[in-house]
Amino acid sequence: AQTVTQSQPEMSVQEAETVTLSCTYDTSESDYYLFWYKQPPSRQMILVIRQEAYKQQNATENRFSVNFQKAAKSFSLKISDSQLGDAAMYFCAYGYNAGNNRKLIWGLGTSLAVNP
Amino acid sequence: EPEVTQTPSHQVTQMGQEVILRCVPISNHLYFYWYRQILGQKVEFLVSFYNNEISEKSEIFDDQFSVERPDGSNFTLKIRSTKLEDSAMYFCASSLGGGNNSPLHFGNGTRLTVT
Numbered sequence: 059a060q061t062v063t064q065s066q067p068e069m070s071v072q073e074a075e076t077v078t079l080s081c082t083y084d085t086s087e088s089d090y091y092l093f094w095y096k097q098p099p100s101r102q103m104i105l106v107i108r109q110e111a112y113k114q115q116n117a118t119e120n121r122f123s124v125n126f127q128k129a130a131k132s133f134s135l136k137i138s139d140s141q142l143g144d145a146a147m148y149f150c151a152y153g154y155n156a157g158n159n160r161k162l163i164w165g166l167g168t169s170l171a172v173n174p
Numbered sequence: 545e546p547e548v549t550q551t552p553s554h555q556v557t558q559m560g561q562e563v564i565l566r567c568v569p570i571s572n573h574l575y576f577y578w579y580r581q582i583l584g585q586k587v588e589f590l591v592s593f594y595n596n597e598i599s600e601k602s603e604i605f606d607d608q609f610s611v612e613r614p615d616g617s618n619f620t621l622k623i624r625s626t627k628l629e630d631s632a633m634y635f636c637a638s639s640l641g642g643g644n645n646s647p648l649h650f651g652n653g654t655r656l657t658v659t
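Listed below in structure tokens is the structure:
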């Protein structure tokens, strides 16, 4: 069965600094997607970044980038130039491609605090 | 930007009562989902819905749960006889396409408290 593990329940970073959130997963599939979602106090789950497993190039979205290590089954999120608005719960999620299957498997989340 | 909206934001109910959680997906989306998050636990998939029928459901989604798209805009989750362990945050999501290359858009969630 697929599992997603986030080993850091809480992290903090100084404003303008860089922080890396860890995620590991387990799967026997070869075709899948990995996601990072952000959940601010407003509670809405917001997609931060997405990585297709077949792509070797790491995804980037502005200040957000991932380090995808497929062999190690690792998918970390790097936030550069951290801003106060980045403070939120961050969830790593796994989704495998099986037709219209959208059953995402989630980690427990990492609570990120940004200190001014 | 279009949003998924959920109502109510917080629902308190007594054990054994029926509850209906409401969601309005993004208007041109075709795939709809419910997830839940029990406090301190992982977000869990409940059900996916497409073309007016359930396309997949988890083990959690037993006979006490049902979903419906009663009109062209709403997507509801009904729990027939609530239990204490149904207390959780329930998230509705929608997507334009069914594959993982079509992002899920989530609502703000409904916090259900069963007393």
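Order-wise, the sequence lines are chains A and B.
The numbering of the first sequence is the working numbering, which starts it at 59 and goes up by one.
The numbering of the second sequence is the working numbering, which starts it at 545 and goes up by one.
Where a beta carbon is used, it is the ideal one built from N, C-alpha and C, also for glycine.
Beta-carbon separation (whole angstroms), residue i vs residue j, contact threshold 8 Å
i, j, result
"Leu593 (chain B)", "Arg566 (chain B)", "The sequence as given places Phe at residue 593 (chain B); Leu does not occur at that position. Their Cβ separation, rounded to whole angstroms, is 14 Å, which puts Phe593 (chain B) and Arg566 (chain B) out of contact at 8 Å."
"Thr551 (chain B)", "Val658 (chain B)", "The pair is not a contact, with the Cβ atoms about 18 Å apart (cut-off 8 Å)."
"Ile137 (chain A)", "Phe122 (chain A)", "6 Å"
"Ser638 (chain B)", "Tyr575 (chain B)", "6 Å"
Beta bridge counterpart(s) of residue i as assigned by DSSP
i, result
"His554 (chain B)", "B:Arg655"
"Leu621 (chain B)", "B:Leu565, B:Val611"
"Phe133 (chain A)", "A:Phe126"
"Lys96 (chain A)", "A:Ile104, A:Tyr148"
Helix, strand or coil at residue i according to DSSP, with G and I counted as helix
i, result
"Gly143 (chain A)", "helix"
"Leu79 (chain A)", "strand"
"Asp630 (chain B)", "helix"
"Ser571 (chain B)", "coil"
"Glu119 (chain A)", "strand"
"Glu603 (chain B)", "coil"
Contact set between residue i and chain A, taken where Cβ atoms lie within less than 9 Å
i, result
"Pro647 (chain B)", "Phe93, Leu105, Arg108"
"Met589 (chain B)", "Just to set this straight, residue 589 (chain B) is Phe in the shown sequence, not Met. In chain order: Arg160, Lys161, Leu162, Ile163, Trp164."
Closer than 9 Å at the beta carbon, the chain B residues around residue i
i, result
"Phe122 (chain A)", "Those do not exist, as Phe122 (chain A) stays about 15 Å from chain B at its closest Cβ, beyond 9 Å."
"Lys96 (chain A)", "By Cβ distance, chain B contributes nothing, its closest Cβ being about 11 Å from Lys96 (chain A), past 9 Å."
"Phe133 (chain A)", "Residues of chain B passing the Cβ test: none, with the nearest at roughly 14 Å."
Proximal chain B residues relative to residue i, where beta-carbon distance stays under 7 Å
i, result
"Leu166 (chain A)", "Lys586"
Residues that residue i contacts on chain B, provided the C-beta gap is smaller than 8 Å
i, result
"Ser100 (chain A)", "Asn652"
"Phe149 (chain A)", "Val587"
Query raised in the report: Taking three-plus beta-carbon pairs below 8 Å as touching, is the segment 66 to 80 of chain A in contact with the segment 614 to 627 of chain B?
Result: Touching, no.
Query raised in the report: Are there three or more Cβ pairs, one per stretch, closer than 8 Å when the segment 571 to 586 of chain B is compared with the segment 639 to 646 of chain B?
Result: Three or more Cβ pairs drawn from the segment 571 to 586 of chain B and the segment 639 to 646 of chain B lie within less than 8 Å of each other, which places the two stretches in contact.
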